[in-house]
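K.L.:
What follows is a structure written as structure tokens; I'll ask about it next.
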Amino acid sequence: MKKAVMATMVCVCCMLAVSNAHAAELEETTNETAGIPDDTSVIIPMNDIPARQLGVSDVYRSNPYNHYGKLNLPAQVTQQGSFYFIVDTYNDQVIYSSDLWKPLNEWRVMDRNLNKPHALASDGTVYLVADTDNNRVLCYEYVNGRFQNTQRFDNMGTRPHYIQYDAVSASFFVWSSVTGDMYIIQRLPEYNYMYIKEIRHIYELDGFYVRSFSIEGDEILFPSGNNRYMIVADKETLRVKNQYPVPAEISGMAFAKKIGSYYYMTVSTDEKLSHRNAKIIRTPDLQSISLGLYENVTGFFPDMHVPYYIDEINRSYYVTSHEGRRSIYKFNVSEDMITDVEIVR
Numbered sequence: 011m012k013k014a015v016m017a018t019m020v021c022v023c024c025m026l027a028v029s030n031a032h033a034a035e036l037e038e039t040t041n042e043t044a045g046i047p048d049d050t051s052v053i054i055p056m057n058d059i060p061a062r063q064l065g066v067s068d069v070y071r072s073n074p075y076n077h078y079g080k081l082n083l084p085a086q087v088t089q090q091g092s093f094y095f096i097v098d099t100y101n102d103q104v105i106y107s108s109d110l111w112k113p114l115n116e117w118r119v120m121d122r123n124l125n126k127p128h129a130l131a132s133d134g135t136v137y138l139v140a141d142t143d144n145n146r147v148l149c150y151e152y153v154n155g156r157f158q159n160t161q162r163f164d165n166m167g168t169r170p171h172y173i174q175y176d177a178v179s180a181s182f183f184v185w186s187s188v189t190g191d192m193y194i195i196q197r198l199p200e201y202n203y204m205y206i207k208e209i210r211h212i213y214e215l216d217g218f219y220v221r222s223f224s225i226e227g228d229e230i231l232f233p234s235g236n237n238r239y240m241i242v243a244d245k246e247t248l249r250v251k252n253q254y255p256v257p258a259e260i261s262g263m264a265f266a267k268k269i270g271s272y273y274y275m276t277v278s279t280d281e282k283l284s285h286r287n288a289k290i291i292r293t294p295d296l297q298s299i300s301l302g303l304y305e306n307v308t309g310f311f312p313d314m315h316v317p318y319y320i321d322e323i324n325r326s327y328y329v330t331s332h333e334g335r336r337s338i339y340k341f342n343v344s345e346d347m348i349t350d351v352e353i354v355r
């Protein structure tokens, strides 16, 4: 059994209740973009709140096989280490395999005790899953021949929706999709204990449904949600550096990422949460979005219906799709041309 962390467990939701007191202490920073207020974000120290430690079985056995014949609104496909993972959102599970092309019944289940999970990320040792509709983040390790849930963070904002590991800061960035909170989680290497270092709160996104983010160097790119604008923020503080209005018909973006010279955006819904305008678009200039100037590249992906997250694996890109005949596509980008599109599932 793992030893329990010898520290007082502090409830994250209690710490959030005092966030206004921390906001008053935030030092003013120089604004790099005219017209953007200095007080767009605040950093809330969390005093290294540890994850709840869970029991680890010493019995050596494998995870069970997946028994679903098809994926149900998968949000993400990613490779971490030697395994591929599919976050199978509406089947309430995460599945994995050493071969992306294996039949689904040969994939194993990392965990199926989840409620609409949306994302997974790893530092190579610990794997974090956004258990979205349970408002928590689960931590897994590969122990005794299988993935085991060894730690847990409860009360992680409202609907934690996306996770990205940042190797530069050795931190997991966990996004609460409605409260504007970015949880910064780190690992104590000696024991693999996970803890919350701080919460970076962006006022501009508090109360809006924003599905994800993308770390782009020293900045974070947020796609548009029902706020109807995209945001570029400083990675270390979440201070807003730029914001770009978005037309209503493409406001419900799921993901945005720069690939080559273009920004690629998956549009899940319009401002009324309808899928009728779902598409993949791209533009070399975010300012053009407000004028409705973008390229619709959905036609490169046969039978695509509602695109969601995009992940890079071995210099190729993978995008998931909902509510259609196809659910995972692979593609390449060469000199800003979309090439080698394949249907994976």
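Residue numbers (the working numbering): 11 to 355.
Glycine residues also receive a C-beta, built at the ideal position from the N, C-alpha and C atoms.
Helix or strand or just coil, what does DSSP make of residue 58?
P.N.:
strand
K.L.:
Under a Cβ-count criterion, where at least 16 other Cβ atoms within 10 Å of its own Cβ denotes burial, should residue 347 be classed as buried or exposed?
P.N.:
exposed
K.L.:
Taking just the CA atoms, how far does residue 345 sit from residue 63?
P.N.:
47 Å
K.L.:
Taking residue 219 as the reference, give the member of 211, 234, 228 and 207 with the closest Cα.
P.N.:
Looking at the Cα atoms, 234 is the closest of the given residues.
K.L.:
Given a cut-off of 9 Å on the beta-carbon distance, is the pair residue 128 and residue 161 in contact?
P.N.:
no
K.L.:
In the structure shown, what three-state DSSP assignment does residue 348 receive?
P.N.:
strand
K.L.:
Do you know offhand how far residue 70's Cα is from residue 119's?
P.N.:
16 Å
K.L.:
Can you tell me whether residue 31 is buried or exposed? The criterion is at least 16 other CB atoms within 10 Å of its CB, across all chains shown.
P.N.:
The pLDDT assigned to residue 31 is 34, lower than 50, so where the model puts this residue is not dependable, and the model offers no usable value.
K.L.:
On the three-pair Cβ rule with 8 Å, is the stretch 266 to 275 touching the stretch 291 to 300?
P.N.:
yes
K.L.:
To which residues of the same chain is residue 343 closer than 6 Å at the C-beta, ignoring the five residues directly before and after it?
P.N.:
269 and 270
K.L.:
Count the other CB atoms within 10 Å of the CB of residue 103; is the residue buried (16 or more) or exposed (fewer)?
P.N.:
buried
K.L.:
Taking its Cβ as the centre, do 16 or more other Cβ atoms sit within 10 Å of residue 349, making it buried, or is it exposed?
P.N.:
The residue in question, residue 349, is exposed, as its Cβ has fewer than 16 Cβ neighbours within 10 Å.
K.L.:
Would residue 325 be called buried (16 or more neighbouring beta carbons within 10 Å of its own) or exposed?
P.N.:
When all chains shown are included, residue 325 counts as exposed.
K.L.:
Count the C-beta pairs between the stretch 51 to 61 and the stretch 236 to 248 that are closer than 8 Å, then say yes if the count reaches three, no if not.
P.N.:
With three or more CB-CB distances shorter than 8 Å, the stretch 51 to 61 counts as touching the stretch 236 to 248.
K.L.:
Verify whether the separation of the beta carbon atoms of residue 214 and residue 190 is less than 9 Å.
P.N.:
yes
K.L.:
What is the DSSP secondary structure of residue 213, counted as helix, strand or coil?
P.N.:
helix
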